[in-house]
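Going by the working numbering, the first residue of the sequence shown is number 3, and it counts up by one from there.
Note that CB positions come from ideal geometry on N, CA and C, so glycine has one too.
Following: one structure in structure tokens, then a few remarks.
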Amino acid sequence: MAGAIIAITVLAYRGITISAAVERLLTTKFGEAVSVMGSVEQDRRTEQEIETLVSQLQTERTKLIRVVLQTKYICGVETEQLGRMDIPQLKVLLAQHPEWDAEVTSVDTLQLKQSIDDLSPICKQQAYISIDAAGNLNLYEGKPAEDNVIRTFFQLDVGTLESSLPNGVLEQLQEGIRVQDKDEYDSVISTFSDFAVDERHRLLRNGG
């Protein structure tokens, strides 16, 4: 509990400097994001799988195919237009990135999807974790007062939370705690999970 209180106090009252790696992410093109975050281990996409995808693009082989990359983050989804490619270019792209899910969404459009275990660049700039009137711990895009909830984690035992924490920390949580990277995000969620309650409002501690 002492460790949890220290962690909350530090997060509530101290600004955390964005690391060089995070700064790079803020300006990294989505096509480079996988190499920055670490590639996803996955078997290579076979030639047959590539041919099957290409065959669904019911268009002339001389036509250029519109390619869209959707990146899903812990917080946030962003879409990048990769432009138009001919069939040989498309096959190379599919072979080089087997970690990307691929779906033909129209006769001349291929949508690629990837997941990154991090906050999106936009969320890094404006994500907050806060508590609502019902005691739910939420992730917000923008300040909690704007009520733009992205995700709800769990309900908190507010009485135990208030009696266990230093003065002012609950108020800081209500105003919103800024999270600027995955480490901060994980730290806040882990800390407040000590005060989560189940459906019968029994205090959960350490997964018990």
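Candidates the options, of which the one nearest residue i by Cα
i	options	result
E49	I76, V94, G137	V94
S108	R153, I67, L172	I67
L163	V199, T81, E82	V199
N150	G170, C125, F156, G161	C125
Local conformation of residue i per DSSP, three classes
i	result
S41	With a pLDDT of 43 at S41, under the threshold of 50, the modelled position of this residue cannot be trusted, and the question is left open.
Q176	helix
A97	helix
G248	The structure shown does not extend to residue 248, since the chain spans only 3 to 210, so no value can be given for it.
G137	coil
Q113	strand
D188	helix
D159	coil
D196	helix
T54	helix
S165	helix
L121	strand
Q60	coil
Spatial neighbours of residue i in its chain, beta-carbon cut-off 8 Å, leaving aside the 5 residues before and after
i	result
K74	K115, Q116, S117, I118
I191	I131, L139, F155
Own chain, CB closer than 7 Å to residue i, minus 5 neighbours either side, in chain order
i	result
I133	L139, L158, L175, Q176
D88	L66
R47	L96, A97, P100
L172	L163, E164
K145	Y130, G178
Whole-number beta carbon distance between residue j and residue i, since they are thought to touch under 8 Å
i	j	result
Q128	V70	The pair is not a contact, with the Cβ atoms about 25 Å apart (cut-off 8 Å).
Residue range of the beta strand (DSSP E) that includes residue i
i	result
T107	103–108
C-beta neighbour in chain C for residue i, strict 8 Å
i	result
I89	Reference to chain C is not applicable here, since this structure consists of a single protein chain.
Residues near residue i by beta carbon distance below 6 Å, same chain, minus five either side
i	result
T111	R68
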